[in-house]
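Novice: Just passing along the structure, written as structure tokens.
In the UniProt record's numbering, the protein residues as written are 1 to 761.
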């Protein structure tokens, strides 16, 4: 099976399993008792119904309307697929709903309408509009899309936006303002060429005009060439951008142009066209998946160029996800009756301004950068920037209020910002950040148990996604059979430590190992024998630089795998005890739990060291550690030695590491409920703070806690993450899932990236 066929199968399985689709409806109220049900439905439900009958605006008070957006399409212009019909468009609309939820915590019903008739489509949307707080129109072909949006905005009293038009316009306008600032050019003076005349191109150009671009300086092209005023049969939209210039081709239009906006097809811009542009040209080649000119070709052609594309593998990605979730968030939160030009322009300015602010370390880490700075390769924010939720919605909300379309104005802006940040605790953005960072510099991971199907699947995904460069250890014939079964092809190294062909390598590793252990009762024969075991062989590969990191433990008990790692790899300089932490992606946000795998009953000093190592791991994920030292007691409420141990650990940390935000001893509920902690223990260093790290007093409690959270709440867990090892070695839980192993592959790569930065002692 070809790689393309396998990707197709993976996509189909993803959408079909474990249940079809990508979104579901989840209750937000209690429903355990008959009393709950009588309030949820009959007879209790009659009371809010009557209140809404008195005043329709009460629907925002008693129902989900205020946080519910409809993503509506008729499937006439779906992605690059064209007119594929409403049913076939549903996966895309569900995907849009997913993005609304994970980026802005907005709930979505996707609606696919089976009509191409503009009047019928508009009538349908108007009839269902009372259900929703906003309408996102999606994948509707031009020119019908223009009329549909225009009429719905005029006839409905809730926000309506056709994202295909305005999303790209808003993001590219922010990028354009910043690019013009960098090149010291004025928007009212620059000559702009727009390749494409569809909904997005028209909307982009209108928005540029709103910011000062002059009509006489704009040339727009469609599939027939330059749109000129003397061309018959122009639509209203095209007529607005028709030029008086006597030119017909893109080649002619590009001469001395300052800005190129591409929303058309791949590879229509030649290096010669680029060369003919003015000094310091701005080129936004946004055709997907392949831009109007290849990124590297453009950069090689002009050293003075500022370039953006629609692709994530190049700087300056024009990505609609920077816009629509946050624009609707701001509009919904003030109950705006529409999304107007003022609100769109406010979003543009907010995005442009955010790019110039100091970038959080979390974003630098995600993109493998030392420090992102406003400049030619950073003119718009990155999609993973956590500040977007707190920056764009308030700007949109303020614009709605100032332009008179907000029905529920916001008065306490700090409280609103806090609420926005709190909304973003319920997704797996940390995992996305981790994966993205791994991809910036993939490392060689030796998978010590690659002759197990699930391990091999994890290695395949890591390889296909560019997370890691797998080295597969195990029985070669078994691995090859399994690879054929799952269509895992490519130039991947396979090593059988017991094979005759590895004898020279085994002996070399054995000799190195023997030299380090010959005064500990290990003979050369013992060492040679041990090198036939995969974990010893794998550890020596990492030690000797033949691999960058190691994953093992899928098929063997944890202690049996830890032993060779401690013997061969050893602890990092200054570390007296290794430990493990698990990252739990909970509904309240990321939560680190230590020590989940290694230390059975650590001393007070051990606990302090575990807290220090965990803090460094939290920082590795771009987060500031806020650490609670957990016990069954609160701040000296018990004199039992087990509680006093935790208290002593806290005392040690406060004395020798005052820079850490850490306190205890604390019960778990007080640690996780900041209001309760503030009320009962206002003196605590954690009062008013959101704890993201829990250090448990022993292995029993830590291991049980993380597994309970994982199983009861179906929480995504990353770990155990080994801390304190000299080299990037991580030991999986027995029977870990494929997803868990993929996550740990990314952890191992990031660990290797960090350790490779440190000077060798």
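Ideal Cβ positions, reconstructed from N, Cα and C, are used throughout, including at glycine.
#1: Mind listing, in chain order, the continuous beta strand (DSSP E) runs of no fewer than 3 residues lying wholly within the stretch 681-717?
#2: Just confirm the distance between the C-beta atoms of residue 493 and residue 471, as a whole number of angstroms; I'd bet it's less than 8 Å.
#3: DSSP state of residue 634, grouped into three classes?
#4: Quick check on the DSSP output: what are the complete beta strand (DSSP E) runs of length 3 or more inside the stretch 291-376, in order along the chain?
#5: Just the Cα atoms here: how many angstroms apart are residue 409 and residue 327?
#6: Less than 9 Å between the beta carbons of residue 581 and residue 617, yes or no?
#7: Quick check on DSSP: helix, strand or coil for residue 660?
#8: Taking 8 Å as the cut-off, does the stretch 348-356 touch the stretch 383-403 (at least 3 CB pairs, one atom from each stretch)?
#9: Taking DSSP as the reference, what is the three-state secondary structure of residue 88?
#10: Quick one: what's got a C-beta closer than 7 Å to residue 232's C-beta in the same chain, skipping five residues either side?
#11: In whole angstroms, give me the CA-to-CA distance for residue 752 and residue 583.
#12: Comparing C-alpha positions only, which one of 55, 72 and 95 sits nearest to residue 24?
#13: What distance in whole Å lies between the Cβ atoms of residue 350 and residue 407, which are believed to be in contact at a cut-off of 8 Å?
#14: Check for me: the beta strand (DSSP E) holding residue 233 runs from which residue to which?
#15: Please classify residue 676: is it buried, with 16 or more other beta-carbons within 10 angstroms of its beta-carbon, or exposed?
#16: Would you decide whether residue 9 is buried or exposed? Buried here means 16 or more other CB atoms lie within 10 Å of its CB.
#17: Assign residue 131 to one of three DSSP states: helix, strand, or coil.
#18: Can the beta-carbon of residue 650 be found less than 9 Å from the beta-carbon of residue 625?
#19: To the nearest angstrom, how far is it from the Cα of residue 312 to the Cα of residue 644?
#20: Can you tell me whether residue 256 is buried or exposed? The criterion is at least 16 other CB atoms within 10 Å of its CB, across all chains shown.
#21: Could you have a look at residue 17 and say whether DSSP puts it in helix, strand or coil?
#22: Could you check whether residue 237 and residue 146 sit closer than 9 Å to each other, using their CB atoms as the reference points?
#23: Using a Cβ-Cβ distance under 9 Å, would residue 642 count as near chain D?
#24: Is residue 653 closer than 9 Å to residue 629 when the C-beta atoms are compared?
#25: Can you look up residue 743 in the DSSP assignment and give me helix, strand or coil?
#26: Roughly how many angstroms lie between the CA atoms of residue 570 and residue 727, to the nearest whole one?
#27: My output table needs one value for residue 582: the three-state DSSP class, helix, strand or coil.
#28: In chain order, which alpha helix (DSSP H) runs of at least 4 residues are fully inside the UniProt domain "Malic enzyme N-terminal" (20-153)?
#29: In terms of residues, what are the limits of the beta strand (DSSP E) holding residue 401?
#30: Residues in the same chain with beta-carbon distance under 8 Å from residue 426, minus the five sequence neighbours each way, listed in chain order, please.
#31: Write down the C-beta distance between residue 62 and residue 51 rounded to the nearest angstrom, noting that I regard them as a contact closer than 8 Å.
#32: Output the residue ranges of the beta strand (DSSP E) runs that lie fully inside the stretch 464-531 and measure 3 residues or longer, sorted by chain position.
#33: Return the CA-CA distance between residue 220 and residue 337, expressed in angstroms with no decimal places.
#34: According to DSSP, is residue 674 helix, strand or coil?
#35: Sorted by chain position, which residues of the same chain lie with C-beta nearer than 6 Å to residue 451's C-beta, five sequence neighbours on each side aside?
Specialist: So, to answer that:
#1: The stretch 681-717 contains these whole beta strand (DSSP E) runs: 693-695.
#2: Contact between residue 493 and residue 471 holds: their C-beta atoms lie close to 5 Å from each other, under 8 Å.
#3: Of the three classes helix, strand and coil, the one that applies to residue 634 here is coil, per DSSP.
#4: Entirely contained in the stretch 291-376, the beta strand (DSSP E) runs reaching 3 residues are, in chain order, 306-309.
#5: Looking at the two C-alpha atoms, the distance is approximately 16 Å.
#6: Yes, the pair counts as a contact, with Cβ atoms nearer than the cut-off.
#7: Residue 660 falls in the coil class under three-state DSSP.
#8: Segments in contact, yes.
#9: Shown here, residue 88 sits in a helix according to DSSP, grouped into three states.
#10: Within the same chain, residue 232 has no close Cβ partners at all.
#11: About 18 Å.
#12: Between residue 24 and the set 55, 72 and 95, the nearest pair of CA atoms involves 95.
#13: Taking the Cβ atoms as the reference, residue 407 lies roughly 22 Å from residue 350, outside the contact range of under 8 Å.
#14: Per DSSP, residue 233 belongs to no beta strand (DSSP E) and is neither H nor E.
#15: Residue 676 is exposed by the Cβ-count criterion.
#16: By the neighbour-count rule (16 or more Cβ atoms within 10 Å), residue 9 is not buried but exposed.
#17: Residue 131: helix per DSSP, three-state reduction.
#18: No, the Cβ-Cβ distance between residue 650 and residue 625 is not below 9 Å.
#19: Taken atom to atom, the span from the alpha-carbon of residue 312 to that of residue 644 is near 51 Å.
#20: Counting other Cβ atoms within 10 Å of its Cβ, residue 256 stays below 16 and is therefore classed as exposed.
#21: Residue 17 falls in the coil class under three-state DSSP.
#22: Going by C-beta atoms, residue 146 is nearer than 9 Å to residue 237.
#23: Among the chains of the structure shown, chain D does not appear; only one protein chain is present.
#24: Going by C-beta atoms, residue 629 is nearer than 9 Å to residue 653.
#25: Here residue 743 sits in helix by DSSP.
#26: Across the structure, residue 570 and residue 727 are spaced so that their CA atoms are roughly 8 Å apart.
#27: In the structure shown, residue 582 sits in a strand (DSSP, three-state: E or B).
#28: Complete alpha helix (DSSP H) runs here, min 4: 34-40, 46-54, 59-62, 86-104 and 118-128.
#29: Where residue 401 is concerned, there is no enclosing beta strand (DSSP E), although the alpha helix (DSSP H) it sits in stretches over 388-402.
#30: For residue 426, the pLDDT reaches just 44, beneath the cut-off of 50, and the residue's location in the model is therefore unreliable, although a value from the coordinates is still provided. 105, 587, 588 and 589.
#31: Yes, they are in contact, since the Cβ atoms of residue 62 and residue 51 sit about 6 Å apart, within 8 Å.
#32: The beta strand (DSSP E) runs of length 3 or more contained entirely in the stretch 464-531 are, from start to end of the chain, 468-473 and 493-495.
#33: Rounded to whole angstroms, the separation of the alpha carbons of residue 337 and residue 220 is 33 Å.
#34: Residue 674 falls in the helix class under three-state DSSP.
#35: Answer for residue 451: 474, 475, 478 and 479, listed in chain order.
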